[in-house]
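Encoded as structure tokens, the structure appears first; notes follow it.
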Amino acid sequence: MYLPNANTRRTATAVFLAPSLIGVAVFCLLPIAMSFYYSFMDYDLLAGSMDFLGLKNFARILTGREFPQVLLHTLTYLGLYLPLILVCSLGQALLLNRSFRGRAVLRTVFYTPVITSWVAAAVVWTWVLSGRYGLMNQALSLFGIKGPAWLSSRVWAMPGIVITAVWKDTGYYALMVLAALKSIDPALYEAAGIDGAGGARKFFSITLPLLTPTLFLLVVINVIYGLQVFDSVLIMTDGGPGGATTVFLERIYKYAFRQYKMGMASAYSWILFLIILAFTLLQFRLQKRWVNYDA
Amino acid sequence: MMPKLRAKQLRNAAFYVMVVLMAALTLLPFLFMLSSSFKGSEAIRTIPIRWIPERPTLEGYIRVFNMPGFSFGRASLNSLFLALATTLVQVLSACMAAFVFAKLPFRGLGKLFGLYLATMMIPGTVTMVPNYIILRIMGLLDSYTGLILPALANAFGVFLMRQAMITVPDSYLESAMLDGASLYRVFLVILLPMVAPTFFTLVLLAFMGAWNSYLWPLIVLTSTGKQTLQVVLGNMNSMYRNNEHVLMAGAVLTILPILLVYVLSQCRVDSGIALGGLK
Chain L
1 MYLPNANTRR TATAVFLAPS LIGVAVFCLL PIAMSFYYSF MDYDLLAGSM DFLGLKNFAR
61 ILTGREFPQV LLHTLTYLGL YLPLILVCSL GQALLLNRSF RGRAVLRTVF YTPVITSWVA
121 AAVVWTWVLS GRYGLMNQAL SLFGIKGPAW LSSRVWAMPG IVITAVWKDT GYYALMVLAA
181 LKSIDPALYE AAGIDGAGGA RKFFSITLPL LTPTLFLLVV INVIYGLQVF DSVLIMTDGG
241 PGGATTVFLE RIYKYAFRQY KMGMASAYSW ILFLIILAFT LLQFRLQKRW VNYDA
Chain H
296 MMPKLRAKQL RNAAFYVMVV LMAALTLLPF LFMLSSSFKG SEAIRTIPIR WIPERPTLEG
356 YIRVFNMPGF SFGRASLNSL FLALATTLVQ VLSACMAAFV FAKLPFRGLG KLFGLYLATM
416 MIPGTVTMVP NYIILRIMGL LDSYTGLILP ALANAFGVFL MRQAMITVPD SYLESAMLDG
476 ASLYRVFLVI LLPMVAPTFF TLVLLAFMGA WNSYLWPLIV LTSTGKQTLQ VVLGNMNSMY
536 RNNEHVLMAG AVLTILPILL VYVLSQCRVD SGIALGGLK
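If you read the protein sequences in the order shown, they are chains L and H. The working numbering puts the first residue of the first sequence at 1, with every later residue one more than the last. The working numbering puts the first residue of the second sequence at 296, with every later residue one more than the last.
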């Protein structure tokens, strides 16, 4: 936009940009540099000591007994969560894509878990998943299934957290899928109908291929967020029982803010970052095999 | 003709069954919470579940405000204040920066914008520990200023607002300036109203994010009187596991305000979030 006075322009640019720029510099860029520096240090915040360690933090983490466990638990979470969230959000979006009475209400209903805080959701689901009187096991018993004591079982704690997360997140991703469904040209379905294609055929030959770019986005985002699962774990199990649900962010949080080992925590977060990066790059590599970009 | 019609009816029936099933799966945990919150500590433990409490009581709601070691009422006010303040800081700084990115280009601005986008890819995990230490150095730990300040770094908000502002024709702003309005006036009175839908989307996302946030307030605020609702509820959950009716009352009170805000502004959020595509 044209401004007659160059001075006004310079001042205005500085004034408007300053708050955000200072914020990004101090709370985003500087921390990246600091975190990188700390990851090579033995930095005990309580003692106030900082000694150079080189790569020892990384070595200690990667060769320790804890790391494979943490990796396994995080990947278990992701492996259970990812297919469930894809199927559920796709299903919900397909329901919302039809016009019927009460559709607006249904949209609000589906979105309610999304606006609920993770703390409230985790508190409610801790009760839902409780062994004898919880909603989940009472519902299961209607089908003659004796449910486990979810969150206090080494095997079932993680699936319990996953179910909660799917319940909470489905509405959010369903909206993204719905937006993609709406952009599919109706003429394609008409043409397929004239050619005699049935509902299932239309779904697998038109809907699903045209949704793959959105599904790809969903997978990428969910892998990034899933590897950083935290709130649910901390409130529902605190990494337990017996360390059965320790995950990356929970470890980083405890190293940093329960033991004040800032160097270890920093190194751990860089390892997590590299894992996230590797997964994301891998997915962009593999996308040619299943994502369809010619609409 | 007949069999075709029947197939269609069958499909319709199947559709409605799915709708009811999905809605029930979504709502049942909320109903379970609501029903439990109006019961006594004995009455919540029944098989089968009594959805309508036999003797409804407000015991849970009264006790949640009087749990030893916690101050739920204080925390509610803290959360409200912090959510409003964080929203103001976050939205204002993002809109101001977006104005420059959209309307006041200078050399190197493209690169700066690239840098902003790149910061969106850095996981919060990496910046969390150093941000804590930065606040410690600044002496802002356990203070609201410290909690709110990092909201200045909001690349997503800048991106969202820039995309909206770029669609406003320069001529509107220029003609206002010819009429003698200052640049600051043009920004507040002409530009922001013209991008109102996106603006309100950002306000809502910021408010919901601030109200619901857990990890950052958990780390920064240590004195009991300053803690937020989410942190207090989270701590109660680990200390009073067997008082589910109290916890459920707490959960209801935590969800209610945000639900109200959401329902009141629903249409705006829906379109906005699909557009943003990011949490």
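Note that CB positions come from ideal geometry on N, CA and C, so glycine has one too.
- Sixteen is the threshold: when 16 or more other Cβ atoms of the shown chains lie within 10 Å of the Cβ of residue 324 of chain H, as they do, the residue is buried.
- Distances from the CA of residue 34 of chain L to each of H:428, H:549, H:440 were compared; the closest alpha carbon is that of H:428.
- In the structure shown, residue 168 of chain L falls within a helical segment according to DSSP collapsed to helix, strand and coil.
- About 7 Å separates the beta carbon of residue 396 of chain H from that of residue 453 of chain H, a gap short enough to meet the 8 Å contact definition.
- Annotation: the segment 192–271 of chain L contains no complete segment of the beta strand (DSSP E) (minimum length 3 residues).
- When secondary structure is reduced to three states using DSSP, residue 173 of chain L falls in the helix class.
- Just so you know, the alpha carbons of residue 49 of chain L and residue 336 of chain H end up roughly 49 Å apart.
- The beta-carbon of residue 127 of chain L is placed less than 8 Å from the nearest beta-carbon of chain H.
- Close to chain H, meaning a Cβ-Cβ distance shorter than 8 Å, are the following residues of the segment 229–251 of chain L: 230, 231, 234, 235, 238, 248, 249.
- Taking the beta carbon of residue 437 of chain H as reference, no residue of chain L falls within 7 Å; the closest one sits roughly 13 Å away.
- Membership of residue 42 of chain L in the beta strand (DSSP E) is indicated by the continuous run 41–44.
- Under the three-state reduction of DSSP output, residue 465 of chain H falls in the helix class.
- When the beta-carbon positions are compared, residue 117 of chain L and residue 424 of chain H stay at least 8 Å from each other.
- Contact annotation: in the segment 404–416 of chain H, residues whose CB is within less than 7 Å of a CB in chain L are 411, 414.
- In this structure, the beta-carbon distance from residue 527 of chain H to residue 355 of chain H does not fall below 8 Å.
- Bounds of the alpha helix (DSSP H) holding residue 394 of chain H are 367–398.
- Taking a 10 Å sphere around the C-beta of residue 259 of chain L, we find fewer than 16 other C-beta atoms and assign the residue as exposed.
- DSSP places residue 477 of chain H outside both helix and strand once states are collapsed to three, so it counts as coil.
- Residues of the segment 372–396 of chain H with a C-beta less than 7 Å from any C-beta of chain L: 388, 389, 391, 392, 394, 395, listed in chain order.
- By the rule that beta-carbons nearer than 8 Å mark a contact, residue 267 of chain L does not touch chain H.
- Secondary structure of residue 470 of chain H (DSSP, three-state): helix.
- Residue 92 of chain L sits close to residue 170 of chain L, with the two beta carbons spaced by under 8 Å.
- Assignment of beta-bridge partners to residue 49 of chain L by DSSP yields L:44.
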